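Here is the structure we will look at.
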Amino acid sequence: MKGYLFLTIAIVSEIFGTSMLKASEVFTKFWPSAAFIVGFGLAFYSLSLALQYIPLNIAYAIWSGVGTALTALISILIWKEKISIQGVIGMLLIIAGVVILNLGKSTK
39 MKGYLFLTIA IVSEIFGTSM LKASEVFTKF WPSAAFIVGF GLAFYSLSLA
89 LQYIPLNIAY AIWSGVGTAL TALISILIWK EKISIQGVIG MLLIIAGVVI
139 LNLGKSTK
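Numbering (the numbering used here), first residue to last: 39 to 146.
Structure representation (structure tokens):
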């Protein structure tokens, strides 16, 4: 259970960091730029802690799949970005691909 707590922190902080990257406007705003660094630092640190409990193939699949989906959702809801039906289908295929790649892999 500890591993999934660390993985959740990694996902949330990566999504936060990505949003701050957008808000930094190419690193021209100090606080969003600093928040980006903190967010990604915490994301990778938390992911490394999660890897003590969860195999890499499973942790990374969850991290990247959930991160992709939630980042896209945030870009639409918060940043008011538009997405086409092709974009939605493409993201669903990426997430499905990550899941399929890891279905047959063993756990610790």
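Cβ coordinates follow ideal geometry from the N, Cα and C atoms, glycine included. All figures in this text were calculated on a predicted structure; none of them were measured in a lab.
Span of the alpha helix (DSSP H), counted from its first residue to its last, around residue i
| i | result |
| --- | --- |
| K67 | Looking at the DSSP string, K67 is not in any alpha helix (DSSP H), and its letter there is neither H nor E. |
Residue i to residue j span [Cα, whole Å]
| i | j | result |
| --- | --- | --- |
| L43 | E119 | 30 Å |
| I47 | Y98 | 13 Å |
| S51 | L141 | 26 Å |
| L111 | L59 | 16 Å |
| G79 | I127 | 31 Å |
| W101 | I49 | 6 Å |
| T106 | I133 | 8 Å |
| S62 | V137 | 32 Å |
| I92 | P70 | 31 Å |
| A72 | G125 | 30 Å |
Whole runs of the alpha helix (DSSP H) within the region 49-130, excluding any shorter than 4 residues = 68-88, 94-115
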